[in-house]
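Protein chains: 2
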Amino acid sequence: MEKLLDGIEEILLMGPGPSCVHDKVYEALGRKSLGHLDPYFIRIMDAIKADLRTLLDTTNTLTIPISGTGSSGMEACFVNLIEKDDPVLILINGVFGMRMQDVAQRLGAHVENLEFEWGTPVVVDPVKKKIAEKHYKIVAVVHAETSTGVKNPVAEIGDLLDGSDTIYLVDAVTSLGGMPIAMDAWGIDALYSGTQKCLSCPPGLAPLSFSDKAVAALEARKTKVPNWYLDLTMIMKYWKGATRAYHHTAPINMHYGLYQALQLILEEGLDNVYRRHRHYHDELVAGLEGLGLSMLVAPGSRLPMLNSVNVPEGVDEAAVRSTLLREYKIEIGAGLGPLAGKIWRVGLMGHTARQENVDRLLEALKTILA
Amino acid sequence: MEKLLDGIEEILLMGPGPSCVHDKVYEALGRKSLGHLDPYFIRIMDAIKADLRTLLDTTNTLTIPISGTGSSGMEACFVNLIEKDDPVLILINGVFGMRMQDVAQRLGAHVENLEFEWGTPVVVDPVKKKIAEKHYKIVAVVHAETSTGVKNPVAEIGDLLDGSDTIYLVDAVTSLGGMPIAMDAWGIDALYSGTQKCLSCPPGLAPLSFSDKAVAALEARKTKVPNWYLDLTMIMKYWKGATRAYHHTAPINMHYGLYQALQLILEEGLDNVYRRHRHYHDELVAGLEGLGLSMLVAPGSRLPMLNSVNVPEGVDEAAVRSTLLREYKIEIGAGLGPLAGKIWRVGLMGHTARQENVDRLLEALKTILA
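Below, the structure written as C-alpha cells:
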C-alpha cells in the first residue's frame, strides 16, 4: 500500500492560507483525544473562549469556534441571523463579499449590494447614504478581503451604525491575529474567522462571536434556524454553563491546535504580533519593488498579511507559481475572479511572517524572473 | 500562562465516540500542512476517496469527506436533496432518527415518521405498508443507532425501495468501519458517516457518498442548495477532475488523519476488522453478564460497537461513570432522551475493540459495583 504521508515535503506556505504552522501546534494536534464532554476538555474549551475574546477585544459571552472551516463561520453568522425576506446590505469589493451575497440569498434574505472596484476599499460615504435611505436588518462587510489584499474601513462603518438596531456583521477570516480588531469598540455584532490564516493553525475551525444584540436577534427569531448543524441556540448550550448539553461531537484535536496557536500569539503579545506582520509586509513590499514589481493596492489600503502583486507584462503567472512550488517549495496564491492571471497573492500570515521567509521568496523570485 | 495541553491524561475512550486513536493517526495529524490545491494534497484526497469507496463497497464517484463532524454529513445529505415541501419518510428508533426529522423539517420538507420503540429495531412490514400507500422523495434510516445500540435492517429496507425513484438515505456514522456496509448492493443512494467512531480518527470530518441517482436528484433541483458551505454541486468540483476549483479551504491535517486511519483498516483487512469488533463485543457481553448486568437490546439486534447496558436497580449511574473516568481513566457514555439514567453506553469502536480494553473495563466495573 502506498504511503503518501511519508512523501509530504515541507512547503513554505506564502499563499492566502493555510499559513505556516508552529511545531508546537502540530504537536498539539497529536495529543491524546478526550471525550467531548470530559471535564478536562471543557476547561480547554473555556480557555479557547477566553483567548478568542482577548484577540477580538470583546466581552461577548458567545465567542466560540464553529466546527468547520472559515466559510462555515460565514454560513453560521448568516443562517442564525436571517429569516426569509430580511433586508440585508452587503458591501462588496472582492470574492468574499460576493460569497456573503450568495450565502445570504440562498437563505431567502432580500439582499442589496454596494459594490466597489476590486483592489480598492469600501468607501464610507455611499454606505452612509444607503443606510440613511433604508433600514437593513444586517449590514455586512469583509475586514481583510483575501482576494485582493484590501483593508476595509470596518471601524468607520461601525460608527455609522452606532445606536441603530441594525446588526453589523464582519468577516475577520484573514485579519484575526494579524491586525488589530476591536469588536466591541467598533460596534461589531457578529464576526467570524478561520484558523488557517494569521492564527497559524491548520484549517478546520471557525472562531465566531455574537454581541448581546446579535444574540437577542437570534432569540427573537420567529422560525427555527434552518440549519441544525450550525444552530447557535443549541450550540451555545454545549459551550457555556455548569452543565454542558451534547449537540454534536466537537473536533477535539483541532481544538487542541487552536488552543496552542492562541497561546503562542498571547505569549508573543498582540502588539508584537501586529508589529511583526506590519514590519515584514514593509520588507516584502520593498523587496518586490526592488525587483521591479508593483503592488495592486494603494499603500494606505494594503493588508499586512495578504500582498497582491501585479504580474508583469509577458510573464506566465501560473508557470512562476508552479516553479516556486516545485523547485523552491514555496506556495503563493493566484488571483481570483477578475484578477485571475493578473496578480499573485503573497501571504505573510501568522507564523509565516518572518525574515527568513521574506528573504527566501525574494531570492527565488529574483532568479525566476531574471 | 496555564499549559492545559500538558495536563491531558490518556483516557480509554469506551463511550459512544470519540474512540481510541492509533498512534500513527496522531502522528498523521501533525504532518506538515500543504496547501488545499497542492498537487500532492490532491493525491491524498484521491486516495481517501478510493479507500472510502472500498469501505462502503460502492463505485460512487461522489464519495468524499465533508468538512465538519458527523452531523454535518447528515445536514449535507438532507440539504442537498430536499426542496420545500418534498415528502420525506423517516424511520425513528432513537436520538439520531429524531435528529434526522429535525434537520429535514427545518429545511421545509413535509416529514412523516414511523416510530419504533427505543432499544428495538425498525420493523420492515410497517415500512413496506407505508411506502406502498404514498410516494416519498426520500426514505431515511439510521444503520447503527448510537443512542440505543440497535442495528436496523438497512439491506431489507433497501430491497423494498428497489426499482423506485425514492432516494434511500442512510446514517452510517457508527457502523462505518465496524460492521459490513454494502452501499451499492443494498440500494443506498445517500450515506454519511463520521471519523470518530469505528474509523478511530478524531472527530472533524464526515465521509459522504451519493449514488448516481442521488447526484441526478441534486442536479435536477429547481432551487439552489440553501447552504453554501455544504453545497455539493460546488464541493464536487474541488474533489474531482483534472483541474480542481477552490470552494472552501479543506481541513488539511484532518484529512491526513483520515487517510492514515483508512490505511490501518485496509491493512488489517475489512473482514478481520469486522470479526474483531464482533469478537470483543461477545467477550464484553459475556463479561458484563458475568457481573450480573444485562443488555438493553435483544441479541439479534445488538451492535458490536455500541453496547447498551441496563443500569442495575439502586445504582447511581452518573457516579459510576464519574468514578470510571476519574479513578480508572475510562470513559463510557450515558443514556440519552428516554434512556437517560437507565443505561450505560459502552463503545468498542475501531481501535478501542481490543482484549486489554475489555478486560480493563470489566475489572473496573467489578470493583466499583462490588
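Respectively, the protein sequence lines represent chains A and B.
Residue 370, in this note's numbering, is where the first sequence stops; the numbers in between run on with no holes.
Residue 1370, in this note's numbering, is where the second sequence stops; the numbers in between run on with no holes.
Ideal Cβ positions, reconstructed from N, Cα and C, are used throughout, including at glycine.
If you check the CB distance, Leu218(A) and Asn80(A) come in under 8 Å. Unbroken beta strand (DSSP E) runs of no fewer than 3 residues, entirely contained in the segment 226–256 of chain A, are not found. The beta-carbon distance between Met236(A) and Ser209(A), rounded to whole angstroms, is 12 Å. This is too long to meet the 8 Å contact definition.
Bridge pairing for Trp118(A): absent [DSSP]. For Tyr1192(B), the CB contacts under 6 Å within the same chain, skipping 5 residues up- and downstream, are Gly1073, Met1074, Cys1077, Ala1206 and Leu1208 in chain order. In the DSSP assignment, Asn1113(B) forms a beta bridge with Ile1090(B).
For the segment 185–203 of chain A, the beta-carbon criterion of a distance under 8 Å to any beta-carbon of chain B is satisfied by Gly194, Gln196, Pro202 and Pro203.
By the beta-carbon neighbour count (other beta carbons within 10 angstroms, threshold 16), His1351(B) is buried. By the Cβ neighbour-count rule, Asn253(A) is buried, with 16 or more other Cβ atoms within 10 Å of its own.
Taking Leu1029(B) as the centre and dropping the five residues before and after it, the same chain places the C-beta of Pro1202, Asn1253, Met1254, Tyr1256 and Gly1257 closer than 8 Å to its C-beta, in chain order.
Trp1228(B) and Thr243(A) have their C-alpha atoms spaced approximately 33 Å apart.
Under the 8 Å criterion on CB atoms, Val103(A) is classed as interfacial with respect to chain B. Among the residues facing chain B, Arg321(A) is not included, as its CB has no counterpart in that chain under 8 Å away. Distances from the alpha-carbon of Ile167(A) to those of Ser308(A), Gly187(A) and Lys129(A) put Gly187(A) closest. Apart from the 5 residues on each side of it in sequence, Leu161(A) sits with its Cβ closer than 8 Å to the Cβ of Ile131, Val139, Tyr168 and Gly187 in its chain, given in chain order.
Taking a Cβ-Cβ cut-off of 8 Å, Leu1169(B) has no neighbours in chain A, whose nearest Cβ is about 15 Å from it.
For Ile265(A) against Gly177(A), the beta-carbon gap comes to about 6 Å, under 8 Å, which counts as contact. Counting along the chain, Ser71(A) sits inside the alpha helix (DSSP H) bounded by residues Gly70 to Leu81. For Pro207(A), there is no enclosing alpha helix (DSSP H); the enclosing beta strand (DSSP E) covers residues Ala206 to Phe210. Judged by DSSP secondary structure, Val309(A) falls within the beta strand (DSSP E) whose first and last residues are Leu306 to Asn310.
Tyr1192(B): not part of any alpha helix (DSSP H); member of the beta strand (DSSP E) spanning Ala1190 to Tyr1192, first to last residue.
With a minimum length of 4 residues, the unbroken runs of alpha helix (DSSP H) contained wholly in the segment 1111–1173 of chain B fall at 1124–1133 and 1154–1161. Under DSSP, Thr1054(B) shares a beta bridge with no residue. In this structure His1036(B) is buried. Its beta-carbon is surrounded by 16 or more other beta-carbon atoms within 10 angstroms.
Among the residues facing chain A, Tyr1259(B) is included, as its CB has a counterpart in that chain under 8 Å away. Non-local C-beta neighbours of Lys329(A) in its own chain, meaning closer than 8 Å and more than five positions away in sequence, comprise Glu9, Glu10, Ile11 and Leu12, ordered along the chain. Between Val1025(B) and Arg1043(B), the alpha-carbon positions lie close to 18 Å from each other. For Ile66(A) and Thr1054(B), the gap between their C-alpha atoms comes out near 31 Å. The continuous stretches of alpha helix (DSSP H) do not include Leu62(A), which lies in the beta strand (DSSP E) extending over residues Leu62 to Ile66. Under DSSP, Gly347(A) shares a beta bridge with Leu306(A). Within 10 angstroms of the beta-carbon of Gln1263(B) lie 16 or more other beta-carbons, which makes it buried. For Val1320(B), the enclosing alpha helix (DSSP H) covers residues Glu1317 to Tyr1328. In this structure, Tyr1280(B) and Leu1339(B) do not form a Cβ contact; the two beta carbons are roughly 23 Å apart against a cut-off of 8 Å. Within the same chain, and ignoring the five residues on either side of Ile1090(B) in sequence, the residues whose Cβ sits closer than 7 Å to its Cβ are Gly1097, Met1100, Gln1101, Ala1104, Val1111, Asn1113 and Ala1140.
Below the 7 Å Cβ cutoff, chain A contributes Thr249 as neighbours of Gly1017(B), in chain order. With respect to the 8 Å criterion, Val1124(B) and Pro1087(B) are not classified as neighbours on the basis of their beta carbons.
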